[in-house]
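Visitor:
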RNA sequence: GAGCCGUUAGCUCAGUUGGCAGAGCACCUGCCUUUUAAGCAGGGAGUCGUGGGUUCGAGUCCCACACGGCUCACCA
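Residue numbers (my numbering): 842 to 1329.
#1: If you run the structure through DSSP and keep just helix, strand and coil, what is residue 923?
#2: Only counting the same chain, and skipping five residues up and downstream in sequence, which positions put a Cβ closer than 6 Å to that of residue 842?
#3: Identify which residue in 1222, 1138, 845 and 1040 has its Cα closest to the Cα of residue 1283.
#4: Please state whether DSSP places residue 1324 in a helix, a strand or coil.
#5: Does the beta-carbon of residue 1293 have 16 or more other beta-carbons within 10 angstroms, so that it is buried, or is it exposed?
#6: Is the beta carbon of residue 1126 sitting closer than 8 Å to the one on residue 1264?
#7: Taking the straight line between their C-alpha atoms, what separation do you get for residue 1168 and residue 1159?
#8: Look at residue 1298 and residue 1106 and say whether their C-beta atoms are less than 8 Å apart.
#9: Would you kindly work out how many angstroms separate the C-alpha atoms of residue 955 and residue 903, rounded to a whole number?
#10: Bridge partners of residue 1300, per DSSP?
#11: Quick one: grab the DSSP three-state call for residue 898.
#12: Quick one: using the 10 Å Cβ neighbour count with 16 as the cut-off for buried, is residue 983 buried or exposed?
#13: Considering only residues of the same chain and omitting the five flanking positions on each side of residue 1182, which have a CB-CB separation below 8 Å?
#14: Under the three-state reduction of DSSP, which class applies to residue 1222: helix, strand or coil?
#15: So, under 8 Å CB-CB, residue 865 and residue 978 are touching, yes? Tell me the CB distance rounded to an integer number of Å.
#16: Is residue 973 buried or exposed, if buried means 16 or more other CB atoms sit within 10 Å of its CB?
#17: Are the CB atoms of residue 1008 and residue 1287 nearer to each other than 8 Å?
#18: Pick from 1091, 1067, 1191 and 1253: whose alpha carbon is nearest that of residue 1113?
#19: Is residue 1130 near residue 1018, with beta carbons less than 8 Å apart?
#20: When DSSP labels each residue in this structure, what does residue 858 get in the three-state scheme?
#21: With H, G and I counted as helix, E and B as strand and the rest as coil, what does DSSP make of residue 1318?
#22: With a threshold of 8 Å, are at least 3 pairs of Cβ atoms found where one atom belongs to the stretch 927 to 936 and the other to the stretch 874 to 894?
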């Protein structure tokens, strides 16, 4: 019991260092190379040339062999071996070096050489403690495996699991590639409110909060849509936002309450233009980040090369279930047709919801290769423009890759009176108990009444795109700090 | 919200039919000047997720709860 644990031992060392006049957390550090640069510079040396370098990083391993000690230090660029020798450092500094702990940050300075086994190494001529660590690192061979600890202490996960680090580096590259793609096409990146007096643009339950000074209820946004369209009305013809949406709903391997969505709006475009943009964007990002337009997801080869398959929802459902939704154009007859085929989905609020359910059950599980599903029911699409000659359908598509719904787009509804009607219908659902329906947004209608050009709009989940590109099956593996329940 | 599975040392994991709580890494002591999962010798380390129960005796069986994972439900 009297035995000191590892943390207590390290605190005792800290006290000893301070007593000896050493600052264990000095305010500044300096180095001449990152570990990767030092290794590259050494390899580039000519015959007979020497390289003296100072590198800094976290001590990640130590092999003490009496009067000499090998160790590795790691920085963001990689790791490098260092060799401390008593005859080079002097007896006292060498003893002090051996008192360092794995996980401490140090900088070391010295000339570089190659060991007998061929590893490029810095001969430590002097060193400085940069930051003392009080806790040990996870197991050096297996890394941190406990999923809960990995999420709660992601820094340890990143430190000890290289694959995890690579997933998040790839995530950042994907987001950068999206930006580059859209910037190059003249889209303007904007920021719209996250705290909104009224939520909208999607069907989801919001998080509710309160502003004290205004004494007013505010909602965390569930979508960017209605603000971005205001910008289209304002004459910013191509806008996009990559931001967080917040939906107060269940958590699963595909849903985190806070997630990242790219939304974009392009004036004088329609949903056909947006389809071409989507397939080009995914292919371009894949090419840039992964170096190919083919990806492997959970062992399946997926070809993102444009053009992608396009099929109407009517045809897709007909192929999968034998039901032609065009011939059963009201809820009762569709419901009868669905039951006749042996499905039972329970009572749904309207014709469109039933179609959506039928689609989810019969078509979606088979959408492995990238597919655009087009022409959605109007009653589940309150912000999309009607399809000419098809009063029950709108110009909308969703796209699916690896059986995942990856994004949603439409020719935007710019008829303010029609929009008011759609909101009113949704508001009736809302009072009828559909919590996730749109509330009436008078301020947005007013904006539309000032005139919005024909516009195509798109939203796609960045997290799901990252899952696809990094071959991950859980959204928590692509979000640095996924939402977890409090431990106590 | 439901079902199934998991929770043992700082980390990775064993733990038999209910019978003294184990290993590797990490840590500590000693030896060791080219190691790299360094090596050799010795040592310390546990609220077995939490709380009840059954039992002479519970890491192990039963109940409840907590947290996590997966599946489902939910989910534009």
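Where is the CB? At the ideal position from N, CA and C, for every residue including glycine. If you're wondering where the values come from, they're calculated on a predicted model, not measured in any experiment.
Guide: Taking the coordinates as given:
#1: strand
#2: The predicted position of residue 842 is uncertain, since its pLDDT is 33 and thus under 50; a value taken from the coordinates is nonetheless stated next. Excluding sequence neighbours, residue 842 sits near nothing in its chain.
#3: 1040
#4: coil
#5: buried
#6: no
#7: 11 Å
#8: yes
#9: 18 Å
#10: 1104 and 1249
#11: strand
#12: exposed
#13: 1162, 1163 and 1164
#14: coil
#15: With a Cβ gap of about 18 Å, residue 865 and residue 978 do not count as contacting.
#16: buried
#17: no
#18: 1253
#19: yes
#20: helix
#21: helix
#22: no
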